[in-house]
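Enquirer: Before I ask anything, here is the structure I am working with.
Residue numbers (the numbering used here): 792 to 959.
Rendered as C-alpha cells:
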C-alpha cells in the first residue's frame, strides 16, 4: 500500500463533513489500507479519511495490541456513557496537545471492508479514539474541544520527558 499526504490544521477539508460511502469497492479498500499504513508511519492511534484529503466516512484505528486494529466504514456512535478527561493530540495538529472531555464508553456501528455490519463496544482509549475520529468525519477538530488553557505545543521529546516524570 502507499503512504498518503496528511492534511494539517489550516486545511479547510478538516472542517468539512465527510460523505457516506455508498459502495465499498477496491478504491475504498485501497484508501483504508493506505490510511492504516499512513497512520502507522506517523505513530498514530487513529486516522480519518479527511486527514488524507478524502471526504468519505472511513476511519482506521490501531491500539497496537492483539486484535485492536479497526477499519470502519460509515461509523456512527449510537450510545455514550460516562466521561473521561484525556490528554489528546492529532496527526493533523503536530506537537499540539490538550485536555479533552470524551465519553468513557461508546457503542459504534458501521461496516467492515466486506460491507458487513459491525458493532463495537468500546471504553477508555478505544472510546476516545473512536470519538476523535468520528468527530473528524463531522468536520470537528480536537482543538475546538480542548479545555481552556490546556492547549500547548510541545516537541515529542518534551512529551516523553513529561510522561516519564508523571510515571505514565
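Here a beta-carbon is modelled for each residue, glycine too, at the ideal position from N, C-alpha and C.
Span of the beta strand (DSSP E) holding residue 824?
Expert: That residue, residue 824, is in no beta strand (DSSP E); its alpha helix (DSSP H) goes 817-832.
Enquirer: Could you give the distance in angstroms between the alpha-carbon of residue 923 and the alpha-carbon of residue 894?
Expert: Taking the straight line joining both Cα atoms gives about 10 Å.
Enquirer: What are the boundary residues of the alpha helix (DSSP H) that includes residue 925?
Expert: Residues 915-928.
Enquirer: Among 868, 941, 803, 908, whose alpha-carbon lies nearest the alpha-carbon of residue 932?
Expert: Ranking the options by Cα distance to residue 932, first place goes to 803.
Enquirer: Using the Cβ count rule (16 or more neighbours within 10 Å means buried), how would you classify residue 870?
Expert: Classification of residue 870: exposed, given that the 10 Å Cβ count is below 16.
Enquirer: Opposite residue 891 in the DSSP bridges: which residues?
Expert: Partner(s): 877, 937.
Enquirer: Classify residue 795 as buried or exposed, calling it buried when 16 or more other Cβ atoms lie within 10 Å of its own Cβ.
Expert: Residue 795 comes out buried.
Enquirer: Hey, out of 904, 955, 944, 953, whose CA is closest to residue 815's CA?
Expert: Selected option, being the one with the closest Cα: 904.
Enquirer: Mark residue 861 as exposed unless 16 or more other C-beta atoms lie within 10 angstroms of its C-beta, in which case mark it buried.
Expert: It counts as buried.
Enquirer: By Cβ distance, which residues of its chain are closer than 6 Å to residue 806, with the 5 residues on each side in sequence left out?
Expert: Closer than 6 Å at the Cβ level, and outside the excluded window around residue 806, lie 930.
Enquirer: Hey, out of 882, 914, 928, 913, whose CA is closest to residue 832's CA?
Expert: Out of 882, 914, 928, 913, 882 has the C-alpha closest to the C-alpha of residue 832.
Enquirer: Would you call the CB atoms of residue 941 and residue 890 closer than 7 Å?
Expert: Yes, Cβ-Cβ distance for residue 941 and residue 890 is below 7 Å.
Enquirer: Suppose the cutoff is 6 Å on Cβ atoms and the five residues either side in sequence are ignored; what does the same chain contact list for residue 824 look like?
Expert: For residue 824, where only same-chain residues beyond five positions count, the Cβ hits under 6 Å are 792.
Enquirer: Output needed for residue 875: all residues of its chain with C-beta closer than 6 Å, excluding positions within five of it in sequence on either side, in chain order.
Expert: Around residue 875: 893, 895.
Enquirer: Mapping DSSP to helix, strand and coil, what is residue 852?
Expert: Residue 852 falls in the strand class under three-state DSSP.
Enquirer: Within 10 Å of its beta-carbon, does residue 879 have 16 or more other beta-carbons around it, so buried, or fewer, so exposed?
Expert: Label assigned to residue 879: buried.
Enquirer: For a test of the three-state rule: what should DSSP assign to residue 902, helix, strand or coil?
Expert: Residue 902: strand per DSSP, three-state reduction.
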